[in-house]
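In the numbering used here, each residue carries its 1-based index in the sequence shown increased by 358.
Reviewing the structure listed below.
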Amino acid sequence: MVNELKPPVTVALTGASGAQYGLRLIECLVAAEHEVWVMISKAAHLVIETETPVSLPARPERLVAALTDMSGARAGQIRCFAREDWMAPVASGSGAPASMVICPCSTGTLSAVATGASNNLIERAADVALKERRQLIMVPRETPFSAIHLEHMLSLTRMGAVILPAAPGFYHQPSCLNDLIDFIVARILNQLGIEHRLMPRWGETPLGD
Ligand SMILES: Cc1cc2nc3c(=O)[nH]c(=O)nc-3n(C[C@H](O)[C@H](O)[C@H](O)COP(=O)(O)O)c2cc1C
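So, in structure tokens, the structure goes:
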């Protein structure tokens, strides 16, 4: 018998560097048997093309097929929504999942969410997460940060969002890029309360020992 899928998690990829964090997160949520609801901004598509060997289609039904193929998801495990699909469940508190992750999160989206702009479905879904007091995890990547970025991160933290910067540590002695990507994805999964074996928790023996 096939297990039922676990509740959906919304994952939005925006146009900050670090597309691989978001793609790996989708893969891990799929492996953890969660439904995954995906939105990818226009700028994120460009970043994905620039930073990875992957080129993802924009149209939701094609994107579902590409991500399903890429992550090994089951049929129906991944859903994708278009930039202005205001009828999507994530656009309302009555339909949105308990958790949303914006990974990577551009400073543009950070600003839009901090000010409640809701000009596209990603911004609206984040606005819904905040107003409904649901879990919102944002993974910004920029360096250095300006006072505007820092002020937005502080106000978002005060509103209940978790700011989880794409700043991997090195104390696990990474030997390849995937180790650094997994460091951040493991932190996101910890926040979501999802079991993983990407890397040991602090104080645990290394995996495999
Ligand atoms: C290759 C590439 C890398 C980028 N890296 C960053 C970045 O690390 N952080 C950031 O905030 N914006 C970055 N940008 C700029 C954003 O993509 C741009 O501000 C965009 O308007 C964000 O739109 P979105 O938030 O709707 O995705 C990058 C753009 C490109 C094309």
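Virtual Cβ for every residue (Gly too), placed ideally from N, Cα, C.
All values reported here derive from a predicted model rather than from experimental measurement.
Opposing strand residues paired with Gln-493 [DSSP bridges]
Note: Gln-493 sits in a beta bridge opposite Ser-457.
Cβ pair Glu-481, Ala-472 closer than 8 Å:
Contact annotation: Glu-481 and Ala-472 have beta-carbon atoms that are not nearer than 8 Å.
Starting from the N-terminal side, write out each stretch of the beta strand (DSSP E) that is 3 residues or longer and does not extend beyond the region 497-536.
Counting only runs of at least 3 residues, the region 497-536 fully encloses no beta strand (DSSP E) element at all.
Does DSSP classify Thr-467 as helix, strand or coil?
Residue state for Thr-467 is assigned as helix, using DSSP reduced to three classes.
Rounded C-beta distance between Ala-519 and Ile-542? I'm assuming under 8 Å.
The C-beta separation of Ala-519 from Ile-542 comes to about 16 Å, leaving the pair out of contact by the 8 Å criterion.
If you follow the beta strand (DSSP E) that Ala-402 is part of, which residue opens it and which one closes it?
Taken as a continuous stretch (DSSP letters only), Ala-402 belongs to no beta strand (DSSP E), being part of the alpha helix (DSSP H) at 400-409.
Residue of Leu-547, Gly-561, Pro-558 minimising C-alpha distance to Val-367
For the residues Leu-547, Gly-561, Pro-558, the minimum Cα distance to Val-367 belongs to Leu-547.
When burial is assigned at 16 or more other CB atoms within 10 Å of the CB, is Ser-457 buried or exposed?
By the neighbour-count rule (16 or more Cβ atoms within 10 Å), Ser-457 is buried.
Can you list, in chain order, the residues of its chain whose CB lies under 7 Å from that of Gln-549, leaving out five sequence neighbours each side?
Only Ile-495, Val-520, Leu-522 meet the Cβ criterion.
Can you check which of these residues, Gln-493, Tyr-379, Lys-400, is closest to Arg-441 by C-alpha distance?
Cα-wise, what sits closest to Arg-441 is Lys-400.
Less than 7 Å separating the Cβ of Leu-387 from some heavy atom of ligand 1?
Result no, Cβ not under 7 Å from ligand 1.
Quick check on the DSSP output: the alpha helix (DSSP H) that includes Leu-371 runs from which residue to which?
Under the DSSP assignment, Leu-371 falls outside any alpha helix (DSSP H), being part of the beta strand (DSSP E) whose first and last residues are 364-371.
If I'm right that Pro-415 touches Ala-424 with Cβ under 8 Å, what's the distance once you round it to whole angstroms?
Between Ala-424 and Pro-415 the Cβ distance is about 6 Å, and since that is below 8 Å, they are a contact.
Arg-432 (DSSP reduced to helix, strand or coil)
Coil, per DSSP.
Where the alpha helix (DSSP H) through Val-448 begins and ends
No alpha helix (DSSP H) contains Val-448, which DSSP labels as neither H nor E.
Starting from the C-beta of Ala-433, find all residues in its chain whose C-beta is less than 8 Å away, skip the five residues before and the five after it, and write them out in chain order.
Around Ala-433: Thr-426.
Straight-line gap, Leu-595 to Ile-398 (C-alpha atoms, nearest Å):
A question about residue 595 goes unanswered here, because the residues of the chain that appear run from 359 up to 567.
Look up Arg-420 in the DSSP assignment and say whether it is helix, strand or coil.
Here Arg-420 sits in helix by DSSP.
Looking at the unbroken alpha helix (DSSP H) that takes in Gly-380, where does it start and where does it end?
377-389 is the span of the alpha helix (DSSP H), which, as asked, contains Gly-380.
Sheet register partners of Val-396 (DSSP bridge)
Val-369, Cys-438.
For the candidate residues His-554, Asp-443, Arg-491, Gly-373, whose alpha-carbon lies nearest to that of Arg-417?
Residue Asp-443 is the option with its Cα nearest to Arg-417.
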